[in-house]
Amino acid sequence: MDLLKTKIYLDKLNREFTRMSKDPDTIMRLDLDIMASYVRELYDAIYSDEAPAKTEHQSRKQAPVREKSPEIPPPPP
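Here our numbering = 1-based position in the sequence shown + 38.
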């Protein structure tokens, strides 16, 4: 199950459903086709064999900290 794609298509379905339910008398065939497409993509994401992407939890390597050398004033003239 690809959790990231599943979440994306669930969000798309919810947004589309909310938009369509505001005016249910004027739902066009195109809107139904879009919803059906999202359902198919959701189905594919649920039954996907891909491992979920771990981009959110990857840690970055920190840059090495440079030690600042002490400033030695030049000798007086």
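Yeah, the Cβ is synthetic: ideal placement off N, Cα and C, and Gly gets one too.
- Message: I need the DSSP call for Met39, collapsed to helix, strand or coil.
- Response: coil
- Item | Simplified DSSP assignment, three categories, for Arg104 | coil
- Message: What does the Cβ neighbour count give for Ala83, buried or exposed, with the cut at 16 atoms within 10 Å?
- Response: buried
- In this structure, does DSSP put Asp87 in helix, strand or coil? coil
- Report yes or no: do the region 66-75 and the region 99-114 share at least 3 C-beta pairs separated by less than 8 Å? no
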